[in-house]
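Student: The opening position of the sequence shown corresponds to residue 42 in the numbering used here, with each subsequent residue numbered one higher. Below you will find the structure I want to go over with you.
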Amino acid sequence: MKTKAVLLLFCVLLSEAFSKVYGPICQWYKAPSTSMAIHWVQENFSSDAESADKADANDLDLSLSYRSDDQKKWLSSPVTNRLFGNTKNRVYSVDIKNLTPDTRYTFKIRHGNKKLGIWFFRTAPSKIEKGITFVTGGDMFHSRELLDPMNLRAGTEDPLFALLGGDLAYANGVDANRWLEWLESWNRFAKSPHGTLIPMVVVIGNHEVRGAAYRPTNAPAKSEAPYFHSLFYGLDEGSKYAIDFGNYMTVVALDSGHTENIATQVQWLNKTLEERENFIYKFVCYHRPAWGTGVKEDAVDIQRLWSPIFERHRVDAAFENDHHVYKRTYPLTAGKRDDMKGVMYIGDGAWGTRTRAIAGNWKVRRPFLAHAESVNHLIKVKVENGKLTYKALEADGSIVDEYQRINSKEK
Ligand SMILES: [Fe+2]
């Protein structure tokens, strides 16, 4: 009996000591000027599935406190938790609200007497003023050798946030450990030169889903993306949502046939953009390209059903992913170059994947393309009053492509 008690105590101490923390990461799913969602995953060493299914008593000891640089008092926000997909590990989250715009915050997490760490984040400005910068890209993680340097580049560019366009961890809804590595890499490398964590805005891709599904007219259920849906917030009504930065910029996330059909999002997309008619800048992001380089077939359902809506609402750019190359189209209306009123499609998802080869005759076969290249990259977008600048950057900071558009919709 005594031996059993000692063994139990040893196991508890061991799990306390080695309950590794993956993250934290910061996510925006709404109100970027006044809120921040923080998530991390902790390993559960219990071999008892039933106890893993309940919140551990120790969870009551978990706390997150935060304050802005000019506040003396630490505030605390409740920590909630849930199982990470079908694993025994738990996701812990804090949804901080009522923050001050354009302000740096410190936060710390404690587990009982143990400090898990101190981190920093910054909220979004509520007005465009001097302009903001964000980075975007998808198809992040074939290997750590490709993922880590690009995450480091993302942080080094000091963006306000990162818009991640799907195929984040390549777990295919079954390999949870790939998410743990992905969390670890983002937490470690995607930090600004001022030490702040870069908040992410996430978009679903086929590799978030079991069977890597791309079924634009017959999409699987949300439950087929168990890690994506248990890790992130803001996905109660599916993977489509809009984030508004003051009234100067909106970013609309769409699901290109991974857990929702293309057609069923049409009405919502139209209404969402209509409600934001007066925003200066409008961006959309989804995984599967409508206007690609030919390395895979174009998403014709998106061309047919979403592109006319983008055109009607004067969307500035559609960020596409999935093809593991870089491309930028000319501004397009119905697939034809239209420098005055067209929508630019830019991507195509080669953050940290091996790239694909593009056929040498793309200029002839695909006259809507302005640039196509097989190269790992992220896209840095500078948003200023009256001007948009897009730069495709390699992990070492080399410029692959640069494009600037003067905005005629300036308010
Ligand atoms: Fe993909």
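Glycine residues also receive a C-beta, built at the ideal position from the N, C-alpha and C atoms.
Can you give the beta carbon distance from Gly206 to Gly246, rounded, assuming they're within the 8 Å contact cut?
Tutor: So it is a contact: roughly 7 Å between Cβ atoms.
Student: Say yes only if the C-beta of Asn417 is nearer than 7 Å to one or more non-hydrogen atoms of ligand 1, and no if none qualify.
Tutor: No.
Student: Between which two residues does the beta strand (DSSP E) harbouring Arg251 extend?
Tutor: Unbroken run through Arg251: none, as it is neither H nor E.
Student: With C-beta atoms as the reference, is Asn302 less than 8 Å away from Ala266?
Tutor: No. Outside cutoff.
Student: Going by the DSSP bridge assignment, what does Glu414 pair with across the sheet?
Tutor: Tyr367, per the DSSP bridge assignment.
Student: Beta-carbon separation of Trp223 and Phe286 under 8 Å?
Tutor: No.
Student: Report, in whole angstroms, the separation of the C-beta atoms of Asp442 and Arg353, which I expect to be a contact under 8 Å.
Tutor: Incorrect: roughly 28 Å between the Cβ atoms, too far for contact.
Student: If we call anything under 8 Å between Cβ atoms a contact, is Asp456 one with Tyr327?
Tutor: Nothing in the structure corresponds to residue 456, since the chain is present only between 42 and 452.
Student: Any idea if Asn402 is buried or exposed, counting beta-carbon neighbours within 10 angstroms, 16 or more meaning buried?
Tutor: So Asn402 ends up on the exposed side.
Student: Which same chain residues, not among the five before or five after Asp143, have their C-beta less than 8 Å away from its C-beta?
Tutor: Result list for Asp143: Ser74, Arg163, Thr164, Ala165, Pro166 and Ser167, in chain order.
Student: Leaving out five residues before and five after Ala195 in sequence, what residues of the same chain have Cβ atoms less than 7 Å from its Cβ?
Tutor: If we look at Ala195 and ignore the five residues flanking it on each side, its Cβ neighbours are Val176, Ala203, Ala231, Ile239 and Leu419.
Student: Taking three-plus beta-carbon pairs below 8 Å as touching, is the segment 113-124 in contact with the segment 132-142?
Tutor: Result yes; three or more Cβ-Cβ pairs closer than 8 Å.
Student: Please list the terminal residues of the continuous beta strand (DSSP E) segment that includes Ala444.
Tutor: In the sequence as presented, Ala is not what sits at residue 444; that position holds Tyr. Tyr444 -> beta strand (DSSP E) spans Ile440 to Ile447.
Student: Determine the closest residue to Ser264 out of Val215, Thr305 and Thr291, with distance taken between C-alpha atoms.
Tutor: It is Val215 whose Cα lies nearest to the Cα of Ser264.
Student: Measuring CB to CB, does Gly333 end up less than 8 Å from His365?
Tutor: The answer is no: Cβ separation not under 8 Å.
Student: Cα separation between Glu84 and Leu188?
Tutor: Approximately 22 Å between the Cα atoms of the pair.
Student: By the DSSP assignment, the beta strand (DSSP E) with Lys323 in it spans what residues?
Tutor: Unbroken beta strand (DSSP E) run through Lys323: Tyr322 to Cys326.
Student: Could you tell me the distance, in whole angstroms, from the CA atom of Thr128 to the CA atom of Ser117?
Tutor: The alpha-carbon atoms of Thr128 and Ser117 are separated by roughly 28 Å.
Student: Cα separation between Thr396 and Val416?
Tutor: Approximately 6 Å between the Cα atoms of the pair.
Student: Under a three-way DSSP split, which group does Met241 fall into?
Tutor: If DSSP states are grouped into helix, strand and coil, Met241 belongs with the strands.
Student: Between which two residues does the alpha helix (DSSP H) containing Gly196 stretch?
Tutor: Counting along the chain, the alpha helix (DSSP H) containing Gly196 begins and ends at Arg185 to Thr197.
Student: Check each residue's C-beta against every heavy atom of ligand 1 and list, in chain order, those closer than 5 Å.
Tutor: Residues flagged by the Cβ proximity filter: Asp208, Gly246, Asn247 and Asp363.
Student: First and last residue of the beta strand (DSSP E) that includes Trp69?
Tutor: From DSSP, Trp69 is part of no beta strand (DSSP E); its letter is neither H nor E.
Student: With a cut-off of 8 Å on the beta carbons, I'd call Ala413 and Met191 a contact; round off their distance for me.
Tutor: With 8 Å as the limit, Ala413 and Met191 do not qualify as a contact, their Cβ atoms being about 20 Å apart.
Student: Name the one or two DSSP bridge partners that Gln344 has.
Tutor: The partner list for Gln344 (beta bridge, DSSP) is empty, contrary to what the question assumes.
Student: Could I get the ranges of all uninterrupted beta strand (DSSP E) runs contained in the segment 92-176, with 3 residues as the minimum, in chain order?
Tutor: Fully enclosed beta strand (DSSP E) runs of 3 or longer: 103-109, 116-118, 121-124, 131-137, 145-152 and 155-163.
Student: List the DSSP bridge partners of Asp285.
Tutor: DSSP lists Thr291 as partners of Asp285.
Student: Using DSSP with H/G/I as helix, E/B as strand and the rest coil, what is Glu84?
Tutor: Here Glu84 sits in coil by DSSP.
Student: Under a three-way DSSP split, which group does Lys263 fall into?
Tutor: Helix.
Student: Measure from the alpha carbon of Asp379 to the alpha carbon of each residue in Glu186, His248 and Ala411, then state which is nearest.
Tutor: The residue with the shortest Cα to Cα distance from Asp379 is Ala411.
Student: Within this structure, are the beta carbons of Ala331 and Ile343 separated by less than 8 Å?
Tutor: In this structure, Ile343 lies closer than 8 Å to Ala331 by Cβ.
Student: If you count every other CB in all the chains shown that lies within 10 Å of the CB of Met290, and 16 or more means buried, which is it?
Tutor: Classification for Met290: buried.
Student: According to DSSP, simplified to helix, strand and coil, what is Leu201?
Tutor: Reduced to three states, the DSSP call for Leu201 is coil.
Student: Are the beta-carbon atoms of Leu434 and Gln445 separated by less than 8 Å?
Tutor: No. Outside cutoff.
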